[in-house]
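Accompanying notes for the structure given below.
Chains as they are written, first to last, in the numbering used here: chain A, 17 to 157; chain B, 4 to 86.
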């Protein structure tokens with residue numbers, strides 16, 4: 017999946033928002049309290065977040081210096097970086113059609129870039145294409 | 004993050020990124036992106052429990068999906084509710 021930076025992959029979207037199911041993919045280090053935390057020294061793994069998760073089931077593990085990214089804030093309200101409740105409300109009011117049955121989370125600032133680019137990123141792209149999501153909202157912390 | 008975005012997009016799924024680091028993200032040329040101006044890291048959509056700003060940011064990001072545009076731009080937007 018090597019691509020030139022000049023060529024920007026761009027998929028035209030024919031759907032209206034009210035007909036779209038949206039998935040979240042985030043590198044802000046969100047995960048469920050019951051899932052293994054990310055390795056703050058560098059982590060190439062990702063977590064699959066079930067669609068029916070509650071906001072209070074989340075915590076955040078991230079290796080960035082605290083003065084750069086203070087994870088205390090999203091730990092209070094995960095919607096700061098992983099806006100699951102906001103998407104549900106938008107679905108309930110008909111702004112979008114629905115929220116995906118699963119979401120994906122990883123930790124940025126991960127150091128082992130070759131392995132991430134060659135293994136993690138293609139695996140995430142495959143998870144997304146296998147899902148019924150019409151589009152993906154990405155957050156980075 | 005833009006690497007992940009580009010990989011998903013190249014599989015035929017439209018994406019939109021909320022970035023708080025437009026310089027870094029810009030180097031990687033994201034397909035679609037917004038930058039909420041002045042937001043601190045950890046506040047991609049706003050502060051904890053600021054439902055109004057969070058909703059406004061998420062809506063603004065999603066609206067990029069239905070705007071015809073040149074890929075590679077990062078739209079800087081202001082959300083006055085965020086101090």
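Every residue gets a Cβ at the ideal spot worked out from N, C-alpha and C, and that includes glycine. Fair warning: this is a prediction, and the values are worked out from it, not measured in the lab.
* If we cut at 8 Å on Cβ distances, does residue 88/B have a partner in chain A? -> Since the first residue of chain B shown is 4 and the last is 86, residue 88/B is not available in this structure.
* Asked: Using a beta-carbon distance below 8 Å, is residue 78/B in contact with chain A?
  -> no
* Report yes if the CB atom of residue 48/B is closer than 8 Å to the CB atom of residue 69/B, and no otherwise. => no
* Asked: Around the C-beta of residue 102/A, are 16 or more other C-beta atoms found within 10 angstroms, so that it is buried, or is it exposed?
  -> buried
* To do: Provide the residue span of the beta strand (DSSP E) that contains residue 118/A, from first to last.
  => 118–122
* To do: Evaluate residue 129/A with the Cβ neighbour count: other Cβ atoms within 10 Å of its Cβ, from every protein chain shown; 16 or more gives buried, anything less gives exposed.
  => exposed
* **Per DSSP, cross-strand counterpart(s) of residue 18/B** => 152/A
* Same chain only: Cβ atoms within 8 Å of residue 34/A, ignoring 5 sequence neighbours per side -> 110, 111, 112 and 113
* Asked: Can a CB atom of chain A be found closer than 8 Å to the CB of residue 49/B?
  -> yes
* Could you tell me which residues DSSP puts in a beta bridge with residue 43/B? => Residue 43/B pairs with nothing; no bridge assigned.
* Taking residue 58/B as part of the alpha helix (DSSP H), name the residues at either end of that continuous run. => 54–66
* Contacting positions in the stretch 8–23 of chain B - beta carbon closer than 9 Å to chain A -> 8, 9, 10, 11, 12, 13, 14, 15, 16, 17, 18, 19, 20, 21, 22 and 23
* **Separation of residue 68/A from residue 23/B, as counted between CA atoms** => 27 Å
* Range covered by the beta strand (DSSP E) that runs through residue 46/A -> 46–48
* Looking only at C-alpha atoms, which of 37/A, 108/A, 27/A and 78/A sits nearest to residue 62/A? -> 78/A
* Considering only the beta carbon of each residue, do residue 41/A and residue 5/B sit closer than 8 Å? -> no
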